[in-house]
Amino acid sequence: MRLREPARWAADADRAAAGEVGNLVENVIEIHGLTKVYTMGEVEVHALAGLDLIVETGEFLAVMGPSGSGKSTLMNIVGCLDRPTDGTYRLDGVDVSSLNRDARAEIRNAKIGFVFQSFNLLARTSAIENVELPLLYGELGWSKGKRHEAAIESLRIVGLAGREDHYPSQLSGGQQQRVAIARALVTQPAMLLADEPTGNLDSRTSEEIMGIFQQLNDTGKTVVLITHEPDIAQHAKRVVTVRDGRIQNDEKIQQHRVAAKGIAPPVQPMTR
Ligand SMILES: Nc1ncnc2c1ncn2[C@@H]1O[C@H](COP(=O)(O)OP(=O)(O)OP(=O)(O)O)[C@@H](O)[C@H]1O
Ligand SMILES: [Mg+2]
3 MRLREPARWA ADADRAAAGE VGNLVENVIE IHGLTKVYTM GEVEVHALAG
53 LDLIVETGEF LAVMGPSGSG KSTLMNIVGC LDRPTDGTYR LDGVDVSSLN
103 RDARAEIRNA KIGFVFQSFN LLARTSAIEN VELPLLYGEL GWSKGKRHEA
153 AIESLRIVGL AGREDHYPSQ LSGGQQQRVA IARALVTQPA MLLADEPTGN
203 LDSRTSEEIM GIFQQLNDTG KTVVLITHEP DIAQHAKRVV TVRDGRIQND
253 EKIQQHRVAA KGIAPPVQPM TR
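Position in the sequence shown (first residue = 1) + 2 = the numbering used here.
Now the structure itself:
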């Protein structure tokens, strides 16, 4: 499996800058009739009940919905961590609904950058080593030098140049989440998938992190974010609400909330 070429991202950025993203035929996520049934003894729980969702390259989507509505179930499937009972899922043009565990792991590593509520950084590992980690998996075969260079570039993008050798305990919560975003970016995935990324952060730091996602999206990155907080969702360009395993509401945000200027550092597209 090959990763996207760096040039591809640059091309995405060009298209985003030209305002053409909405016209791309390419969809990062294409889901039709997705169902997920959990069987608990004699009881069947229909966590997803025939859900359809298309996300185009370059979108910034927030997924909301009440507890138990199926968000995590959906995200586990979108993130190739689980497979559906029925229905189809194409990720960046690849039909992943029927792949086995190993094939799913491979495509997950190549195409998705995860960001979690609890950062999930290795504690006794420096920022740069945390960011290099995803480059050790899969079939990249990059040299040590190239991995190092890519990690430095990712940390620079999220505004952490100079903090490469800090350990997580030496960084603030917001900085730790930036490291996690840099780690998600380093493989140049087709999309960033963030599950409650501001759940552990105060409101000012949340705003800062949303600023980073917005600026990455401005460079053409597709961002899919789960959140319980309407204020956070308003930073996206589109909000879908899940209820009873289906999309209940799908709304374009005309005037999305722009994270306070001057807080987030400038983000530039990868130059490699
Ligand atoms: N592993 C499982 N086994 C059985 N039932 C499950 C399992 N995971 C989820 N469910 C059920 O599927 C439904 C959807 O759950 P899901 O975790 O996707 O909801 P959610 O929208 O993420 O909720 P929350 O906002 O509380 O995280 C719920 O009724 C839940 O009880
Ligand atoms: Mg959940």
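The C-beta atom is built at its ideal place from N, Cα and C for all residues, glycine as well.
Owing to the predicted nature of the structure, the values given are computational and were not obtained by experimental measurement.
Cβ neighbour criterion (16 or more within 10 Å) applied to residue i
i           : result
residue 185 : buried
residue 28  : exposed
residue 100 : exposed
residue 56  : exposed
residue 225 : buried
residue 67  : buried
residue 41  : exposed
residue 209 : buried
residue 275 : Because residue 275 is not part of the residues shown, which for the chain are 3 to 274, the question remains open.
residue 156 : buried
residue 73  : buried
residue 203 : buried
residue 257 : exposed
residue 49  : buried
residue 147 : exposed
residue 124 : exposed
residue 172 : exposed
residue 219 : buried
residue 86  : buried
residue 223 : buried
residue 143 : exposed
residue 106 : buried
Residue i - DSSP class collapsed to helix/strand/coil
i           : result
residue 206 : helix
residue 147 : helix
residue 288 : Nothing can be reported for residue 288: it is not among the residues displayed for the chain, which extend from 3 to 274.
residue 167 : coil
residue 228 : strand
residue 248 : strand
residue 198 : coil
residue 28  : coil
residue 141 : coil
residue 13  : A caution first: residue 13 carries a pLDDT of 47, below 50, which makes its placement in the model unreliable, though a value can still be read off. Reduced to three states, the DSSP call for residue 13 is helix.
residue 23  : Caution applies to residue 23, whose pLDDT of 45 falls short of 50 and renders its modelled position unreliable; the model cannot decide the point.
residue 255 : coil
Test item: CB-CB of residue i and residue j under 7 Å
i           : j           : result
residue 132 : residue 181 : yes
residue 59  : residue 30  : yes
residue 130 : residue 160 : no
residue 116 : residue 238 : no
residue 242 : residue 71  : no
residue 134 : residue 153 : yes
residue 196 : residue 162 : no
residue 211 : residue 200 : yes
residue 37  : residue 89  : yes
residue 111 : residue 139 : yes
residue 113 : residue 137 : no
residue 176 : residue 207 : yes
residue 120 : residue 167 : no
residue 51  : residue 248 : yes
residue 170 : residue 178 : yes
residue 32  : residue 39  : no
residue 190 : residue 261 : no
Min CB distance residue i to chain C below 7 Å
i           : result
residue 233 : Chain labels in this structure do not include chain C; a single protein chain is all it has.
Ligand 3 heavy atom lying under 6 Å from the CB of residue i
i          : result
residue 39 : In the structure shown, ligand 3 is absent; the only ligands present are ligand 1 and ligand 2.
Within 6 Å of ligand 2: residues by beta-carbon to any heavy atom
Put simply, the residues with a CB less than 6 Å from any heavy atom of ligand 2 are 73 and 74, in chain order.
Which parts of the region 89 to 134 are runs of the alpha helix (DSSP H), unbroken and 4 residues or longer, counting only runs that do not cross its ends?
For the region 89 to 134, the continuous alpha helix (DSSP H) assignments of 4+ residues that do not extend past its boundaries occur at 103 to 113 and 129 to 134, in sequence order.
Ordered list of alpha helix (DSSP H) runs contained in the region 32 to 97, each at least 4 residues:
As for any alpha helix (DSSP H) of minimum length 4 sitting wholly inside the region 32 to 97, the runs are 73 to 80, ordered along the chain.
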